[in-house]
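Q: Take this structure first; my questions come after.
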Amino acid sequence: MYEILHQNFKNGDNSRTASEDCEQLKKAFKGWGTNEDLIISILGHRNAAQRKVIRQTYAEAYGEDLLKELEKELTSDFERSTLLWTLDPAERDAFLANEATKKWTKSNQVLTEIACSRSSLERLLARQAYHSRYKKSLKEDVAHHTTGDFRKVARYQWRIQDSRV
14 MYEILHQNFK NGDNSRTASE DCEQLKKAFK GWGTNEDLII SILGHRNAAQ RKVIRQTYAE
74 AYGEDLLKEL EKELTSDFER STLLWTLDPA ERDAFLANEA TKKWTKSNQV LTEIACSRSS
134 LERLLARQAY HSRYKKSLKE DVAHHTTGDF RKVARYQWRI QDSRV
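Structure (structure tokens):
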């Protein structure tokens with residue numbers, strides 16, 4: 014599938030390939046400061062499949078994770094929004110769930126939304142992405158960082174057949 018996405022990367026008037034986008038992103042990170050406009054012009058005009066190909070191509074070309082490069086180069090709300098845009102849905106859910114577990118609130122809307130609006134498969138993928146990114150269990154973090162009835166509901170919602178992650 015990667016090859017198909019890579020071959021079909023060109024979209025409409027945009028004639029750049031994933032490799033060319035990666036070169037431009039690398040240039041955006043070089044030197045004093047970061048060329049945020051260039052990052053926006055590339056990632057902001059790509060669909061999810063194209064962004065995935067860019068991430069894979071960047072890792073192959075430079076031996077670096079594009080997300081980690083973005084984290085190093087960007088700050089504040091722009092960093093957060095760019096990361097969220099670049100992540101695939103399961104990774105995005107994992108990222109948001111991790112943020113939510115760090116905030117001590119009685120009723121955590123983010124965890125509730127993810128747990129209640131995703132299918133079992135999507136929750137499994139989010140749990141796997143969470144474990145891959147943070148090297149710990151989302152289910153355990155939810156249990157550790159929540160209390161009372163919300164904890165019971167959240168633990169039940171995150172309970173799915175595959176308990177390895």
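Each residue of the sequence shown is one higher than the one before, counting from 14 in the numbering used here.
Ideal Cβ positions, reconstructed from N, Cα and C, are used throughout, including at glycine.
Only counting the same chain, and skipping five residues up and downstream in sequence, which positions put a Cβ closer than 8 Å to that of R146?
A: As a first step, residue 146 is located in the sequence shown; it is residue number 133 there, counting from the start. For R146, where only same-chain residues beyond five positions count, the Cβ hits under 8 Å are E104, A107, F108, N111.
Q: Measuring straight from C-alpha to C-alpha, what distance separates T159 and S150?
A: Walking along the sequence shown from the start, residue 159 turns up at place 146. Walking along the sequence shown from the start, residue 150 turns up at place 137. Between T159 and S150, the C-alpha separation is close to 14 Å.
Q: Looking at C-beta atoms only, is the number of pairs between the stretch 82-97 and the stretch 49-62 that lie closer than 8 Å three or more?
A: Flag = yes, the stretch 82-97 and the stretch 49-62 touch.
Q: Within the same chain, show all residues whose beta-carbon is closer than 7 Å to that of L87, passing over the 5 residues directly before and after it, in chain order.
A: Within the sequence shown, the letter at position 74 stands for residue 87. The answer, listed in chain order, is T47, T95.
Q: Suppose the cutoff is 6 Å on Cβ atoms and the five residues either side in sequence are ignored; what does the same chain contact list for E135 look like?
A: Translated into the one-based positions of the sequence shown, residue 135 becomes position 122. Around E135: no qualifying Cβ.
Q: Closest by CA to V155, which one among W45, R131, T70, I127?
A: One-based indexing of the sequence shown puts residue 155 at position 142. Nearest option by C-alpha distance: I127.
Q: Taking all protein chains shown into account, do 16 or more other C-beta atoms lie within 10 angstroms of the C-beta of D34, making it buried, or fewer, making it exposed?
A: As a first step, residue 34 is located in the sequence shown; it is residue number 21 there, counting from the start. The residue is buried, with at least 16 neighbouring Cβ atoms inside 10 Å.
Q: Leaving aside the five residues before and after Y143 along the sequence, list all residues of the same chain whose C-beta is less than 7 Å from its C-beta, in chain order.
A: As a working mapping, residue 143 is identified with position 130 in the sequence shown. Closer than 7 Å at Cβ, skipping near neighbours: A107, A110, N111, L151.
Q: Quick one: complete alpha helix (DSSP H) runs, 4+ long, within the stretch 90-149?
A: Counting whole runs of 4 or more residues, the stretch 90-149 contains the alpha helix (DSSP H) stretches 102-115, 122-130, 133-147.
Q: Report the start-end ranges of each alpha helix (DSSP H) in the stretch 23-95 that is 4 residues or longer and not cut off at the edges.
A: Runs of the alpha helix (DSSP H) inside the stretch 23-95: 31-42, 49-56, 61-75, 79-86.
Q: May I have the straight-line CA-CA distance separating E66 from R140, to the nearest angstrom?
A: Position 53 of the sequence shown, counted from the start, is the residue given in the question as residue 66. Position 127 of the sequence shown, counted from the start, is the residue given in the question as residue 140. Here the sequence assigns Val to residue 66, which means Glu is not the residue at that position. Whole-angstrom Cα-Cα distance: 23 Å.
Q: Which residue wins for smallest C-alpha separation from L124, given the options E84, K165, K148, T99?
A: On the sequence shown, residue 124 is found 111 positions in, with the first residue counted as 1. Looking at the Cα atoms, K165 is the closest of the given residues.
Q: Just how far apart, CA to CA, sit Q37 and K85?
A: Counting from 1 along the sequence shown, the entry for residue 37 is found at position 24. Counting from 1 along the sequence shown, the entry for residue 85 is found at position 72. About 17 Å.
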